[in-house]
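Please read the structure below before turning to the comments.
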Amino acid sequence: MRDGRAGYGLPGWNMTVQASALDLASSPVVAVRPELDAMSALYEMYRRDVHHLAVVVDDDALGLVSAADLLQGIAAQYPKTSAPVGSLCPVPGPRVDATDDIGIAAQRMIDAHTDAVLVMRDGRLCGVLTAVDLVRSIARTRAARPEEEGSR
């Protein structure tokens, strides 16, 4: 269980229920302000052991940046100061509702050519869902049902 919710493919999960975006999303969200420089944001990723940062102003989620986005921003500005994070993320960032199933989240990632989406509940940011989270849930589900492996 994560944050009081059953985790998809984890013990106690009802396999007949489709996981929602929030079931798999990382929470609490690691977020930065758009004016933060890319190098400081990259350090924050390293310090918090995450691969994506939400970019927010007050309670407004603007978008997402990945380590690759930040490195590109740093390299593009070198040897000057690095770019502000807000200039490196598409606005608005790709997002799904907390109750959307993971198929919708996966399609949103495909459509946006990204590997992560913001998870929103009532207009507020409540998680970040990554492609790794989706793959992990598939692997756990497959491991929980090995008898279906031979039926293909």
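In this text, residue positions in the sequence shown follow full-length UniProt numbering: the first is 1, and each later residue adds one.
Virtual Cβ for every residue (Gly too), placed ideally from N, Cα, C.
Rounded to whole angstroms, what is the Cα-Cα separation between residue i and residue j?
{"i": "Leu-24", "j": "Asp-37", "result": "29 Å"}
{"i": "Ser-27", "j": "Gly-127", "result": "5 Å"}
{"i": "Leu-64", "j": "Ala-143", "result": "31 Å"}
{"i": "Asp-60", "j": "Cys-89", "result": "14 Å"}
{"i": "Tyr-46", "j": "Gln-18", "result": "32 Å"}
{"i": "Tyr-78", "j": "Leu-42", "result": "15 Å"}
{"i": "Ala-76", "j": "Ser-137", "result": "36 Å"}
{"i": "Asp-49", "j": "Arg-145", "result": "31 Å"}
Going by beta carbon distance, what residues of the same chain come within less than 8 Å of residue i, once the five residues before and after it are set aside?
{"i": "Val-96", "result": "Ala-21, Ile-104, Ala-105, Arg-108, Val-117, Leu-118, Val-119, Met-120 and Leu-129"}
{"i": "Ile-74", "result": "Ala-38, Met-39, Leu-42, Ser-82 and Ala-83"}
{"i": "Val-135", "result": "none"}
Can you pull the DSSP bridge partners for residue i?
{"i": "Val-117", "result": "Leu-129"}
{"i": "Asp-37", "result": "Pro-84"}
{"i": "Gly-63", "result": "Val-55"}
{"i": "Ser-20", "result": "Asp-101"}
{"i": "Arg-124", "result": "Arg-121"}
Cutting at 6 Å between CB atoms, please list the residues of its own chain near residue i, excluding the five before and the five after it.
{"i": "Glu-35", "result": "Pro-84"}
Please report the Cβ distance between residue i and residue j, rounded to the nearest whole angstrom; I am assuming they are in contact, meaning their Cβ atoms lie under 8 Å.
{"i": "Leu-62", "j": "Pro-92", "result": "7 Å"}
{"i": "Ala-131", "j": "Asp-115", "result": "4 Å"}
Figure out for me which residue from the options has the closest Cα to the Cα of residue i.
{"i": "Asp-122", "options": "Ser-137, Asp-100 and Asp-111", "result": "Asp-100"}
{"i": "Ala-57", "options": "Arg-33, Ser-66, Thr-141 and Ala-112", "result": "The amino acid at residue 57 is misidentified as Ala; the sequence shows Val. Nearest option by C-alpha distance: Arg-33."}
{"i": "Met-39", "options": "Leu-70, Arg-140, Val-55 and Arg-48", "result": "Leu-70"}
{"i": "Ser-66", "options": "Ala-31, Tyr-78 and Lys-80", "result": "Ala-31"}
{"i": "His-52", "options": "Pro-94, Ser-82, Thr-81 and Lys-80", "result": "Pro-94"}
{"i": "Val-55", "options": "Gly-73, Asp-49, Val-29 and Ile-74", "result": "Val-29"}
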